[in-house]
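Those letters in the sequence shown? Residues -13 to 68, per this note's numbering, in order.
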Amino acid sequence: MQIEADQSVCPECGAARLVFSPVVHHMLCAYVGPQFDFAETPAGLTCPKCRRELRASEAEIVETSARCANCHAEMMVSPPAS
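Written out as structure tokens, the structure is:
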């Protein structure tokens, strides 16, 4: 499901409880997912697929996602119109 960047209400349940998160691409193992999928450690983030620590040179932010804190629906956020 796709939503606009300025949307604040969940299209599934109508709750105004969207939490936005960057979508991270781990280039070493090709995993792509929202940042909340990556485990947080004192050293940084750990990839959920390969369990390696992320280094800045091995990861990139490719999109933005949103998750409803009420119904847990996940959606992608459309990039702003240019």
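Glycine included, every Cβ here is placed at the ideal spot set by N, Cα and C.
Contact between P34 and Q21 fails: their C-beta atoms lie close to 11 angstroms from each other, not under 8 angstroms. If you compare the alpha carbons of R41, R53, E60 with that of A29, the shortest gap goes to R41. For V18, the closest alpha carbon among the candidates D(-8), R3, T50, A59 is that of T50. In the DSSP assignment, V18 falls within the unbroken beta strand (DSSP E) covering 17 to 20. Going by DSSP, C57 is part of no beta strand (DSSP E) at all; its letter is neither H nor E.
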